[in-house]
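First the structure, in the form of structure tokens, and then the observations on it.
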Amino acid sequence: MTVIRLLCLVLCFITLASCTPSHPSTEKAKVSLSQRAYSRQAVDYFEAIALGAEYGGAPVIRKWQHATISIRPFGTPTTEDLHTIKQVAQDLNPLLTTVKVKVISQGKANINVYFVPEYDFPHYIPSYHAGNLGYFNYRSNDKNVITHADVVVDSQTITQRIRNHLIREEITQSFGLAKDSMRYSDSIFYQPASYVQAYSSLDKTIIQLLYSPLIHPGMTKSDIEKTLKPFIPNE
């Protein structure tokens, strides 16, 4: 009888052990690792767009660290301008894991978007470079954390389609992806005149990367390469 009881206990233990699920943290780690794999193409493009600014500035990472980034339109935006701003915020939110973006209509904002004639741009951004029908400028502190940004979009001489593109481009760049590139014509950061209305797959990757916990304000290219090396396949 004692032997039978012992066998029963052993069988129960084996059954329970076989039904026990794998440790959830192990599964999460596997998923997390797979989600944080970056191609060499993506890392190269990230470094080209995120290090420095179009018109100078040290080649280091700058980004927001506020929990919430508010965007407020000013001037004479059209109904579609306002819709585009809201759409950009909606598109950014799933990509920005460390901050949340919202559009406000009153009160102090982190990012001011002015719809004004091009000749008035210097009034809102004194460092404005002539010839740009959309422009942005951000301020950052000594730790390379962005503290405020202003965006200007011409309200008189361009079509709504171009305005929609410029709204998306300039707002996105004000998050710290400040440079343009000649590499990909489907990218919102493409330097020549463009009508791109949505983020490309590569755009989404580098936006997501900038606001991942891996990337910190003040990082240099060398810092980025060292940090991302474990997440680049075959390197």
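Counting from 69, one number per residue, gives the positions in the sequence shown under our numbering. Beta carbons are placed, not taken as given, at the ideal position from N, Cα and C, and that holds for glycine. From a predicted model like this one, the values you see are computed outputs, not experimental measurements.
7 Å CB neighbourhood of residue i in its chain, flanking five on each side removed
i, result
"A157", "I139, V169, K170, V171"
"A121", "A246, K247"
"F189", "Y196, Y203, V220"
"D159", "Y267"
Residue i versus residue j - alpha carbon distance
i, j, result
"D149", "S173", "13 Å"
"Q276", "Y187", "35 Å"
"N144", "Y182", "The question names Asn, but residue 144 in the sequence shown is Thr. Using only the alpha carbons, I get a separation of about 8 Å."
"L234", "V221", "7 Å"
"Q307", "I226", "This structure gives no information on residue 307, because the portion of the chain shown stretches from 69 to 303."
"N200", "N178", "22 Å"
"K175", "L270", "Strictly speaking, residue 175 in this sequence is Gly, with Lys absent from that position. The straight-line gap from Cα to Cα measures roughly 34 Å."
"Y258", "Q265", "12 Å"
Neighbourhood of residue i by C-beta, 6 Å cutoff - its chain only, sequence neighbours within 5 removed
i, result
"S268", "D254, S255"
"E238", "G202, F204, V219"
"F114", "I274, L277"
"N161", "V169"
Per-residue burial, residue i [other beta carbons within 10 Å of its own, 16 or more giving buried]
i, result
"P281", "exposed"
"Y263", "exposed"
"A246", "buried"
"Y206", "buried"
"Y123", "exposed"
"R229", "exposed"
"E303", "exposed"
"P260", "exposed"
"T136", "exposed"
"P194", "exposed"
"T215", "exposed"
Own chain, CB closer than 8 Å to residue i, minus 5 neighbours either side, in chain order
i, result
"K154", "V171"
"T165", "Q276, Y279, S280, P281"
"A55", "The requested residue 55 does not occur in the structure, where the chain is confined to residues 69 to 303."
Beta-carbon gap between residue i and residue j smaller than 7 Å
i, j, result
"V213", "P285", "yes"
"G244", "R108", "no"
"Y106", "I300", "yes"
"L278", "A118", "yes"
"V111", "T288", "no"
"S249", "A217", "no"
"S223", "V184", "yes"
"R147", "N232", "Rather than Arg, the amino acid found at residue 147 in this sequence is Thr. Not a contact, by the Cβ cut-off of 7 Å."
"L163", "K272", "yes"
Residue i at chain C interface by Cβ criterion, 7 Å
i, result
"Q224", "Considering every chain present, this structure includes no chain C. It has just one protein chain."
Ignoring anything shorter than 3 residues, give me the beta strand (DSSP E) runs that lie fully in the segment 143-222, in order along the chain.
Entirely contained in the segment 143-222, the beta strand (DSSP E) runs reaching 3 residues are, in chain order, 168-171, 179-184, 202-208, 214-222.
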